[in-house]
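With the working numbering as the guide, the letters of the sequence shown map in order to residues 10 to 222.
So the structure is just underneath, and the comments pick up after that.
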Amino acid sequence: MSVQLTLYGPTVSTFTRICAIVAAEAGLTWEIIPTGSGSKDMAEHHPFMRSPAAYIDDLHFYETPAICSYIDRAHNGAALHPASPEGQARMWQWAHVAAHYVFPITEERLVLPRVVAPMMGRAPDEKLIEEALPVIRYHLGVVETRLKEAAFLAGAEYSLADSFMYPVIEATCAAPEGAAMVADLPVLTAWLNALRHRRAILETAWPDLDALC
Ligand SMILES: N[C@@H](CCC(=O)N[C@@H](CS)C(=O)NCC(=O)O)C(=O)O
Numbered sequence: 010m011s012v013q014l015t016l017y018g019p020t021v022s023t024f025t026r027i028c029a030i031v032a033a034e035a036g037l038t039w040e041i042i043p044t045g046s047g048s049k050d051m052a053e054h055h056p057f058m059r060s061p062a063a064y065i066d067d068l069h070f071y072e073t074p075a076i077c078s079y080i081d082r083a084h085n086g087a088a089l090h091p092a093s094p095e096g097q098a099r100m101w102q103w104a105h106v107a108a109h110y111v112f113p114i115t116e117e118r119l120v121l122p123r124v125v126a127p128m129m130g131r132a133p134d135e136k137l138i139e140e141a142l143p144v145i146r147y148h149l150g151v152v153e154t155r156l157k158e159a160a161f162l163a164g165a166e167y168s169l170a171d172s173f174m175y176p177v178i179e180a181t182c183a184a185p186e187g188a189a190m191v192a193d194l195p196v197l198t199a200w201l202n203a204l205r206h207r208r209a210i211l212e213t214a215w216p217d218l219d220a221l222c
């Protein structure tokens, strides 16, 4: 079967993974053409050089919410969009919490310095990490509180919001401090463990964490 979705971005990238998860949920065949964020090659697909960019149905999209919403509506019967206006609003609320709050602090101030910098032969910036840990603990606590109210981030059903949050939390757990903070939050841990068995999560597993972006 020919590939239905082509993503340009790093092989190990949170936002590229989110799009791949949603494609796998929809049963699409997909591929990632490894392309560095910020590179000249990426500029051919995304005018702001962020990743990913997507090609599907002879259309070209960038920005993860747009890509995921199109895939789910055009190829999955909008199964990952809650039916109610409130559910849809909650879904976007939590997708944006993942993308704009939890991702930046965990990525820039924990995963990159603790996990990626040593892989590149650099010492972790311990002060940067130490100062960020209480803020990261707070962010994870907000997610824990939400998951005490509802089984999934948008409500009773799995939605795009969970597809956004999952890779962010998984990457956070690659750092020992992140794994320990998540382990202290029983409801977030239960949600994470349940999602780890989901077919789309398994099919999109990162090959390794060498190139987290
Ligand atoms: N708003 C973008 C964010 C994508 C994004 O930040 N991707 C990361 C890679 S995981 C990136 O391109 N980082 C490079 C940079 O920030 O310059 C989206 O929703 O797709």
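Cβ atoms here follow ideal geometry from the backbone N, Cα and C, with glycine treated the same way.
**Study point:** Where residue 16 sits in the DSSP three-state scheme
**Key:** Here residue 16 refers to the residue found at position 7 of the sequence shown. Three-state DSSP puts residue 16 in a strand.
**Study point:** Distance, residue 73 Cα to residue 27 Cα
**Key:** One-based indexing of the sequence shown puts residue 27 at position 18. One-based indexing of the sequence shown puts residue 73 at position 64. Looking at the two C-alpha atoms, the distance is approximately 7 Å.
**Study point:** CB contact flag (residue 80, residue 32, <8 Å)
**Key:** Here the question's residue 80 lines up with position 71 in the sequence shown. Here the question's residue 32 lines up with position 23 in the sequence shown. In contact: residue 80 and residue 32 (Cβ atoms closer than 8 Å).
Review point. What do you reckon, is the C-beta of residue 74 under 7 Å from a heavy atom of ligand 1?
Key: Translated into the one-based positions of the sequence shown, residue 74 becomes position 65. Yes; taking the cut-off as 7 Å, the Cβ of residue 74 has a heavy atom of ligand 1 nearer than that.
**Study point:** CB-CB length for residue 173 against residue 126, believed under 8 Å
**Key:** Counted from its first residue, the sequence shown places residue 173 at position 164. Counted from its first residue, the sequence shown places residue 126 at position 117. Actually they are not in contact, since the Cβ atoms of residue 173 and residue 126 sit about 25 Å apart, beyond 8 Å.
Review point. Taking the Cβ atom as the reference point for each residue, do residue 18 and residue 44 lie within a distance shorter than 8 Å?
Key: Residue numbering aside, residue 18 sits at position 9 when the sequence shown is read from its first letter. Residue numbering aside, residue 44 sits at position 35 when the sequence shown is read from its first letter. Residue 44 is positioned such that its CB atom lies closer than 8 Å to that of residue 18.
Check your understanding: Is residue 23 buried or exposed, if buried means 16 or more other CB atoms sit within 10 Å of its CB?
Key -> Taking the first residue of the sequence shown as 1, we reach residue 23 at position 14. Around the beta carbon of residue 23, 16 or more other beta carbons lie within 10 angstroms, which makes this residue buried.
**Study point:** Where residue 180 sits in the DSSP three-state scheme
**Key:** Numbered from its first residue, the sequence shown carries residue 180 at position 171. DSSP places residue 180 in helix when its eight states are reduced to three.
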